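Novice: I am attaching a structure below and will ask some questions about it afterwards.
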Amino acid sequence: MLALTLDELKNYLRIDVSEDDTILTLLVDSAQEYLTNAGVPESDSNLYKLAIMMYVAMHYENRDPSQKIDGFNFALQSIILQLKDYSDPTETT
Numbered sequence: 083m084l085a086l087t088l089d090e091l092k093n094y095l096r097i098d099v100s101e102d103d104t105i106l107t108l109l110v111d112s113a114q115e116y117l118t119n120a121g122v123p124e125s126d127s128n129l130y131k132l133a134i135m136m137y138v139a140m141h142y143e144n145r146d147p148s149q150k151i152d153g154f155n156f157a158l159q160s161i162i163l164q165l166k167d168y169s170d171p172t173e174t175t
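Heads up: the sequence shown begins at 83 in my numbering, then just goes up one per residue.
Structure, rendered in structure tokens:
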């Protein structure tokens with residue numbers, strides 16, 4: 083189970099109000115689903131928690147439907163690759 087609390091996420095995003103709690107919860111669920119679909123199993127690691135926070139931040143800050151997200155965050159991509167490599171130590175390259 084994810085050890086990330088809504089308060090930790092809001093602190094990371096510098097949000098002091100509760101008006102967006104529902105959307106933040108939806109984005110956390112979406113981030114977990116995205117990582118699972120990317121081959122990253124749920125984890126209690128800090129790196130997994132950071133990946134969730136970065137995914138949420140990217141989508142929270144770019145909610146305007148007329149705004150296009152040009153590229154996926156390189157740092158988040160790197161974390162996902164590290165988590166995937168860590169999750170399957172028997173996999174060879």
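Even glycine gets a Cβ: it sits at the ideal position worked out from N, Cα and C. Remember, predicted model here, so these are calculated numbers, not experimental data.
1. Could you spell out the range, first to last residue, of the alpha helix (DSSP H) harbouring Ile105?
2. Does Asp126 come out as helix, strand or coil in the three-state DSSP assignment?
3. Give the DSSP-derived three-state secondary structure of Val138 in the structure shown.
4. Can you look up Ala85 in the DSSP assignment and give me helix, strand or coil?
5. So, for Met136: in the same chain, excluding its five sequence neighbours on each side, which residues have a beta-carbon less than 8 Å away from its beta-carbon?
6. Please report the distance separating the alpha-carbon of Asp89 from that of Tyr142.
7. In angstroms, rounded to a whole number, what distance separates the CA positions of Ala139 and Leu95?
8. Please state whether DSSP places Ile161 in a helix, a strand or coil.
Specialist: According to the structure data:
1. Asp103 to Asn119
2. coil
3. helix
4. coil
5. Asn155, Ala157, Leu158 and Ile161
6. 15 Å
7. 7 Å
8. helix
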